[in-house]
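Chemist:
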Amino acid sequence: MGLSRDIALMGCQITELIKVARIACLNELELYFGVETTEEMVNPRNEAAALSFLLQELTTSPEQGKGNVLSGLTAFINGHELTSALPCNPPVPEETPSAKHFDRWASDMGIQSAVEQAKFNGLRGAAAKVTIQPLDPVVNAPWKCLINEDTAQNSGIGQALLMLGIEKELLLLLYTMIDRHDKDSDFAPFWNSLPQNFSTGLSATEERVSRLMGTPAHSTFVEARQHIRQQYQAAQPLLQELTAAYPDDITPDMVDEDMFTWACELWYSYAIEVEYPDGVVRQALVPMAHFLNHSPWPHIIRYGRLDAITNSLRLRAFRPCSAGFQCFLSYGPLPNLKLLLFYGFALPNNPHDIVSITLEVPVDACKPMRDAVLDEHDIQLQHHLRRGPMSPHLLACLKVLAADDHTLRQMLAGSGESLTQAGAIDLDVRELLTAYLTPLLEAYKTALQRCRSSHSGALQDGFAKGMCVFLKDQIDILESNLQLMCCA
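Heads up, the sequence shown is in the working numbering, so the first residue is 350 and it goes up one at a time.
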């Protein structure tokens, strides 16, 4: 967007500038559901993206007079009503030997940080050492600290693997598995700072995953886990060759399936996409940033470009964080299904949570005409539900699927009301959606009962709690949409 021109025209009209940024930062899902107004915050993700985008543009804009705009924007951010979506109790400093060793190593490597590792409610996070203001760097990591495919390729084991024609993704995983066990590795303090077990859906037991049986989530979990298993099995000949060639350095237990899954979990959950000065985007692990937890209303949201002048990755805050409070970044607008699968937790009332459904065209005499209408209006069969109003695209699809012969002919002729026009929902449409959602709702209720029964009287761990949170939120979304149907 022509932000520099907008700044010049608007002067200090911060609210107008923010409205423009909210529109510019709408993502595909927000456009799918529709946005009635940008006079107020659309949702936490969009607000964070818009404010962070404005700060970034203002700091690089050559326009004169931008200082007043920047001051006004900073004042707006400092007075924002939203607080972190995750409760924050006083931190407990991490003072273990491995934590102290990591801190010394990070300092020696030139990593500068306004946060320190700490525990909140027994869970690891990053506490602000000082009060952080908008645009302040939270973590500044030199490029030599970043672990990426170049790191793997330039290592001793990487050179040996490259001669075998190994793919980059597998090279990165094998390098991770082997280097984390090398006590003399340059990154040993970083490897030692990582959890021994990630406890995500990728490494959960079969018994735990089976509790999702009957829900679409179960299929998603099974497919993701099967993908990793197939990757590992395909790498078996290579792994056997490595253990035979380097018996003193690479033992079978270092490269077994559990270690392979651990490496996959690490890169799925901790890697950041970083754009390097040459324009190439590489996945990278960023020491110190790996202590930052996720929140729908984070302090850091734009962090993916290596500064060409300082040759470092600088994670800047877009909103303030008081000293002693937990500092968050955004993993992205992720629904609870992905958070549970790849990170091992779920957020109650996650604003990005959705229920995905795939509708089917009835096989009857009108099917060719329905297919023609769907194609003519570019209407898809894959849709999403959330708390709140339904997407006009979903309602349009339901209208086509529930229409009789006469109505379909009108739709093809372009007469009658618009398919996405708001209005009363016909009984046929309500009955059709209810028929889709009711069995899905029952499946999630059964899965939740299964999870609760498995932990009756027992203390739940993070993954078990996350599974219950995920299932309850799916049920809430389905029930709220069924209620909308009843009231329509």
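Beta carbons are placed, not taken as given, at the ideal position from N, Cα and C, and that holds for glycine.
Within its chain, find whatever has a CB closer than 7 Å to the CB of residue 344; leave out the 5 residues flanking it on each side and keep chain order.
Modeler: Here the chain comprises residues numbered 350 to 837, so residue 344 is not present and cannot be evaluated.
Chemist: If you run the structure through DSSP and keep just helix, strand and coil, what is residue 435?
Modeler: For the purposes of this step, residue 435 is taken as residue 86 along the sequence shown, with counting starting at 1. Any reading at residue 435 must be qualified, since the residue scores a pLDDT of 48, below 50, and its modelled position is unreliable; no value is offered.
Chemist: Can you name the residues that DSSP bridges to residue 469?
Modeler: Sequence index remark: in the sequence shown, residue 469 carries index 120 (1-based). In DSSP, residue 469 forms a bridge with 472.
Chemist: Would residue 664 and residue 488 be called neighbours here (beta carbons separated by less than 9 Å)?
Modeler: Working through the sequence shown from its first residue, we reach residue 664 at position 315. Working through the sequence shown from its first residue, we reach residue 488 at position 139. It is a contact, given that the beta carbons lie within the stated cut-off.
Chemist: Just to confirm the assignment, what range does the alpha helix (DSSP H) spanning residue 593 have?
Modeler: Along the sequence shown, read from residue 1 onward, the residue named residue 593 stands at position 244. Residues 565-594.
Chemist: Once DSSP output is grouped into helix, strand and coil, what is the label at residue 643?
Modeler: Indexing the sequence shown from 1 puts residue 643 at position 294. Strand.
Chemist: To which residues of the same chain is residue 434 closer than 6 Å at the C-beta, ignoring the five residues directly before and after it?
Modeler: The sequence position of residue 434 within the sequence shown is 85, counting from 1. In this prediction, residue 434 scores a pLDDT of 43, lower than 50, which makes its location untrustworthy; no coordinate-derived value is stated.
Chemist: Below 8 Å on the Cβ atoms is my guess for residue 670 versus residue 477; work out the distance and round it to an integer in Å.
Modeler: Looking up residue 670 in the sequence shown gives position 321. Looking up residue 477 in the sequence shown gives position 128. About 5 Å separates the two Cβ atoms, so the contact holds.
Chemist: Alpha carbon to alpha carbon, how far is residue 369 from residue 615?
Modeler: Residue numbering aside, residue 369 sits at position 20 when the sequence shown is read from its first letter. Residue numbering aside, residue 615 sits at position 266 when the sequence shown is read from its first letter. Answer to the nearest angstrom: the Cα atoms are 37 Å apart.
Chemist: Taking one C-beta from the region 518-526 and one from the region 486-502 each time, how about it: are there three or more such pairs within less than 8 Å?
Modeler: Cβ pair count under 8 Å is three or more, so yes.
Chemist: With distances taken from CA atoms, which of 684, 788, 736 is nearest residue 832?
Modeler: Taking the first residue of the sequence shown as position 1, residue 832 is located at position 483. Residue 736 is the option with its Cα nearest to residue 832.
Chemist: CB residue 381 to CB residue 742, shorter than 9 Å?
Modeler: The residue you call residue 381 lines up with position 32 of the sequence shown. The residue you call residue 742 lines up with position 393 of the sequence shown. Contact: yes.
Chemist: In chain order, what residues of the same chain have a beta carbon less than 8 Å from the beta carbon of residue 574, not counting five sequence neighbours either side?
Modeler: Numbered from its first residue, the sequence shown carries residue 574 at position 225. Result list for residue 574: 550, 551, 558, in chain order.
Chemist: Given a threshold of 16 other Cβ atoms within 10 Å of its Cβ, counted over all protein chains shown, does residue 638 qualify as buried or as exposed?
Modeler: Position 289 of the sequence shown, counting from 1, holds the residue named residue 638. Per the 10 Å Cβ criterion, buried.
Chemist: Is the beta carbon of residue 560 sitting closer than 9 Å to the one on residue 816?
Modeler: Sequence index remark: in the sequence shown, residue 560 carries index 211 (1-based). Sequence index remark: in the sequence shown, residue 816 carries index 467 (1-based). Yes; because the gap between Cβ atoms is below 9 Å, this pair is in contact.
Chemist: Write down every uninterrupted run of the alpha helix (DSSP H) in the region 645-715 whose length is 4 residues or greater and which is fully enclosed by it, in chain order.
Modeler: Runs of the alpha helix (DSSP H) inside the region 645-715: 685-691.
Chemist: Do residue 686 and residue 708 have their C-beta atoms closer together than 9 Å?
Modeler: As a first step, residue 686 must be located in the sequence shown, where it is residue number 337. As a first step, residue 708 must be located in the sequence shown, where it is residue number 359. Contact flag unset, no.
Chemist: Would you report the Cα separation of residue 768 and residue 739, rounded to the nearest angstrom?
Modeler: Stepping through the sequence shown from its first residue, residue 768 is reached at position 419. Stepping through the sequence shown from its first residue, residue 739 is reached at position 390. Cα to Cα, the separation comes out at about 14 Å.
Chemist: Counting only runs that start and end within the region 726-765, where is the beta strand (DSSP E) found for 3 or more residues in a row?
Modeler: Entirely contained in the region 726-765, the beta strand (DSSP E) runs reaching 3 residues are, in chain order, 731-734.
Chemist: Assuming residue 426 and residue 667 are in contact, meaning their beta carbons sit under 8 Å apart, how far apart are those beta carbons, in whole angstroms?
Modeler: Start at 1 with the first residue of the sequence shown, and residue 426 comes out as number 77. Start at 1 with the first residue of the sequence shown, and residue 667 comes out as number 318. Right, the Cβ-Cβ distance comes to about 7 Å (below 8 Å), so this counts as a contact.
Chemist: From the DSSP output, in three-state form, read off residue 496 for me.
Modeler: Locating residue 496 in the sequence shown gives position 147, counting from the first residue. Here residue 496 sits in strand by DSSP.
Chemist: Are residue 422 and residue 366 closer than 9 Å when you measure CB to CB?
Modeler: Start at 1 with the first residue of the sequence shown, and residue 422 comes out as number 73. Start at 1 with the first residue of the sequence shown, and residue 366 comes out as number 17. In this structure, residue 366 lies closer than 9 Å to residue 422 by Cβ.
Chemist: Alpha carbon to alpha carbon, how far is residue 820 from residue 791?
Modeler: Along the sequence shown, one-based indexing puts residue 820 at 471. Along the sequence shown, one-based indexing puts residue 791 at 442. Their backbone Cα atoms lie some 11 Å apart in a straight line.
Chemist: What does DSSP give as the partner residue(s) for residue 462 in the beta ladder?
Modeler: For the purposes of this step, residue 462 is identified with residue 113 of the sequence shown, where counting begins at 1. Its beta-bridge partners are 488.
Chemist: Does the Cβ-Cβ distance between residue 619 and residue 744 come in under 9 Å?
Modeler: The residue given as residue 619 occupies position 270 in the sequence shown. The residue given as residue 744 occupies position 395 in the sequence shown. No; because the gap between Cβ atoms is not below 9 Å, this pair is not in contact.
Chemist: Check the C-beta distance from residue 634 over to residue 676 and give it rounded, since I have them as a contact under 8 Å.
Modeler: Residue numbering aside, residue 634 sits at position 285 when the sequence shown is read from its first letter. Residue numbering aside, residue 676 sits at position 327 when the sequence shown is read from its first letter. Not really, about 19 Å apart at Cβ, beyond 8 Å.
Chemist: Going by C-alpha to C-alpha distance, which of 553, 530, 654 sits closest to residue 603?
Modeler: Within the sequence shown, residue 603 is the residue found at index 254, counting from 1. Cα-wise, what sits closest to residue 603 is 530.
Chemist: Whole angstroms are fine: how far does the CA of residue 789 sit from the CA of residue 446?
Modeler: Position 97 of the sequence shown, counted from the start, is the residue given in the question as residue 446. Position 440 of the sequence shown, counted from the start, is the residue given in the question as residue 789. Each residue's alpha carbon lies about 49 Å from the other.
Chemist: Assign residue 776 to one of two classes, buried (16 or more other C-beta atoms within 10 Å of its C-beta) or exposed (fewer than that).
Modeler: The count along the sequence shown starts at 1 and reaches residue 776 at position 427. Exposed.
Chemist: Return the bridge partner residues of residue 529 from the DSSP annotation.
Modeler: Here residue 529 refers to the residue found at position 180 of the sequence shown. BP columns for residue 529 are empty, so no partner.
Chemist: For residue 623, does the three-state DSSP call read helix, strand or coil?
Modeler: If you number the sequence shown from 1, residue 623 lands on position 274. Reduced to three states, the DSSP call for residue 623 is strand.
Chemist: Could you give the DSSP three-state label for residue 629: helix, strand or coil?
Modeler: Walking along the sequence shown from the start, residue 629 turns up at place 280. Residue 629 falls in the coil class under three-state DSSP.
Chemist: Let me know the secondary structure DSSP gives residue 481 once reduced to three states.
Modeler: One-based indexing of the sequence shown puts residue 481 at position 132. Strand, per DSSP.
Chemist: Can you give me the C-alpha to C-alpha distance between residue 836 and residue 570, rounded to a whole angstrom?
Modeler: Indexing the sequence shown from 1 puts residue 836 at position 487. Indexing the sequence shown from 1 puts residue 570 at position 221. Answer to the nearest angstrom: the Cα atoms are 35 Å apart.
Chemist: Of all the options 462, 439, 591, which has the alpha carbon lying nearest to the alpha carbon of residue 509?
Modeler: The sequence position of residue 509 within the sequence shown is 160, counting from 1. It is 591 whose Cα lies nearest to the Cα of residue 509.
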